[in-house]
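In my numbering, the protein residues as written are 73 to 183.
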Amino acid sequence: MDSRIEDFSCKRKTNRYTMLMLYLIVDVCINNIYLLMSQQQSYKKTKKHFMKELSAQNIETRYQMKKSMGKQKMPSSATDCSQNQKDEKIHRNAKIQDVEDQRETAAIHQP
């Protein structure tokens, strides 16, 4: 099975082990789907062609979903989601800083 996956892989260089696991799961799933499809007598395409068809379908589905959502903002990448997390973190840090400032002010004014 490793040799089947190594021929055409979706792996990318990453420092996060969770992404590495995701790439491995996707590779195994694609391989299994291809094996099931190739068992059908009518399906005679190569794995490379199968992966191209699969990615084209994925792109088309995503395009249709974006189109149907209209002007609603849909996160297009992890950076859009992470920006919200950064904003929340800045807001939390500002609150913490306010509490610390209040404690310092109270400590200064105590006799």
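We put the CB at the ideal spot given by N, CA and C, even for glycine.
Residue i classed as buried or exposed, judged by whether at least 16 other C-beta atoms fall within 10 angstroms
i      : result
Ile162 : exposed
Tyr106 : buried
Cα-Cα separation between residue i and residue j, rounded to whole angstroms
i      : j      : result
Gln112 : Lys120 : 17 Å
Met93  : Asn103 : 15 Å
Lys138 : Leu126 : 19 Å
Ser110 : Ile168 : 59 Å
Lys124 : Arg134 : 15 Å
Ser114 : Leu108 : 12 Å
Val98  : Ala128 : 16 Å
Lys117 : Leu96  : 23 Å
Met141 : Asn87  : 33 Å
Segment limits, alpha helix (DSSP H) that includes residue i
i      : result
Ser140 : Lys119 to Met141
Asn104 : Tyr89 to Gln111
Residue i Cβ short of 7 Å to the ligand HEM heavy atom set
i      : result
Met109 : Ligands are entirely absent from the displayed structure, and the ligand HEM is therefore not among its contents.
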